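**Q** Handing you a structure now.
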Amino acid sequence: MATVLRIDSSIRRERSVSRHLTGSFIAAWRRAHPADRIVERDLASDPAPHLTEQAFGAAFTPPSQRSEAQARDAGLADELIRELLAADVLVIGAPMYNLSVSSALKAWIDHVARAGVTFRYSENGPVGLLADKTAYVFTARGGVYSHGPAKAMDFQETYLRTVLGFIGIADVTFVHAEGLALGGDAVIRAIARSRSKIDELLAA
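This note's numbering runs 610 ahead of the 1-based position in the sequence shown.
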């Protein structure tokens with residue numbers, strides 16, 4: 611039995627394409643793997659606070675030595691890391707905001723990328739410690755950035771692929787729903803292509 615961690619980061623609810631896609635993927639995963647455990651983390655309704663100097667210091671203070679304030683500051687980050695460590699599969703819904711990820715998703719990353727826990731430093735540079743995990747990232751983008759003239763402005767996939775690799779997750783699949791700002795048939799086609807990709811991934 612595997613544990614799947616679903617993370618949504620869109621500020622939208624019913625109209626969120628990335629939520630629609632992660633939901634479709636999870637529903638298909640449940641059908642294919644009914645015994646698996648699904649854990650859901652909504653970074654819009656339950657956001658991780660942006661990292662502060664106090665929280666950073668608390669995270670690197672041994673739990674037995676933390677003050678009451680430090681225990682509160684480090685508590686959520688510890689919980690987020692426990693969820694990530696327990697997961698075999700990571701499913702991320704990531705809308706593109708201003709050419710990159712949402713601030714909510716960036717805050718989550720800042721909390722879970724912890725030296726000595728999810729990566730370590732070595733003589734040859736940082737080494738990720740989560741190499742046993744697989745990730746699926748579902749993006750929603752107003753324009754087309756996977757190819758063409760705007761590809762150089764895609765700081766979303768490049769960042770996520772790099773930071774996931776930084777903590778050791780190299781097995782990452784991206785599914786892009788692009789051109790959503792074009793409206794009408796373009797939206798229908800983009801979602802249909804993404805749903806078809808989901809079917810392919812789970813049929814493999």
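Here a beta-carbon is modelled for each residue, glycine too, at the ideal position from N, C-alpha and C.
Owing to the predicted nature of the structure, the values given are computational and were not obtained by experimental measurement.
Please report how far the alpha carbon of residue 632 lies from the alpha carbon of residue 666, in whole angstroms.
**A** Numbered from its first residue, the sequence shown carries residue 632 at position 22. Numbered from its first residue, the sequence shown carries residue 666 at position 56. So the two alpha carbons sit approximately 30 Å from each other.
**Q** Residue 735: which of 743, 725 and 804 sits nearest, CA to CA?
**A** The residue given as residue 735 occupies position 125 in the sequence shown. Of 743, 725 and 804, the residue nearest in Cα terms is 725.
**Q** To the nearest angstrom, report how far apart residue 674 and residue 683 are at their CA atoms.
**A** Working through the sequence shown from its first residue, we reach residue 674 at position 64. Working through the sequence shown from its first residue, we reach residue 683 at position 73. Their backbone Cα atoms lie some 14 Å apart in a straight line.
**Q** Looking only at its own chain, which residues have a Cβ that is under 6 Å from the Cβ of residue 651, when we skip the five neighbours before and after it?
**A** Taking the sequence shown and counting its residues from 1, one reaches residue 651 at position 41. Correct list, in chain order: 617.
**Q** Measure the beta-carbon distance from residue 694 to residue 737 and round it to whole angstroms, keeping in mind my assumption that it falls under 8 Å.
**A** Taking the first residue of the sequence shown as position 1, residue 694 is located at position 84. Taking the first residue of the sequence shown as position 1, residue 737 is located at position 127. With 8 Å as the limit, residue 694 and residue 737 do not qualify as a contact, their Cβ atoms being about 17 Å apart.
**Q** Just how far apart, CA to CA, sit residue 718 and residue 636?
**A** Taking the sequence shown and counting its residues from 1, one reaches residue 718 at position 108. Taking the sequence shown and counting its residues from 1, one reaches residue 636 at position 26. Approximately 20 Å between the Cα atoms of the pair.
**Q** Tell me residue 616's beta-bridge partners as DSSP assigns them.
**A** If you number the sequence shown from 1, residue 616 lands on position 6. Paired residues: 650 and 701.
**Q** Of all the alpha helix (DSSP H) runs that stay within the bounds of the stretch 620-672, which reach a length of 4 or more residues?
**A** 627-642 and 663-669, all fully within the stretch 620-672.
**Q** Can you pull the DSSP bridge partners for residue 710?
**A** As a first step, residue 710 is located in the sequence shown; it is residue number 100 there, counting from the start. According to DSSP, residue 710 bridges with 707.
**Q** Do residue 705 and residue 804 have their C-beta atoms closer together than 7 Å?
**A** The residue you call residue 705 lines up with position 95 of the sequence shown. The residue you call residue 804 lines up with position 194 of the sequence shown. Not a contact, by the Cβ cut-off of 7 Å.
**Q** Buried or exposed: which applies to residue 768, given that a residue is buried once 16 or more other Cβ atoms fall within 10 Å of its Cβ?
**A** Locating residue 768 in the sequence shown gives position 158, counting from the first residue. The residue in question, residue 768, is exposed, as its Cβ has fewer than 16 Cβ neighbours within 10 Å.
**Q** Could you give the distance in angstroms between the alpha-carbon of residue 678 and the alpha-carbon of residue 663?
**A** Along the sequence shown, one-based indexing puts residue 678 at 68. Along the sequence shown, one-based indexing puts residue 663 at 53. Cα to Cα, the separation comes out at about 16 Å.
**Q** Considering only the alpha carbon of each residue, which of 776, 649, 643 and 714 lies closest to residue 621?
**A** Taking the sequence shown and counting its residues from 1, the one referred to as residue 621 is at position 11. It is 714.
**Q** Go through its chain and collect everything with a Cβ distance to residue 807's Cβ below 7 Å, but skip five positions before and after it.
**A** Position 197 of the sequence shown, counted from the start, is the residue given in the question as residue 807. Cβ neighbours of residue 807 beyond the five flanking positions: 785.
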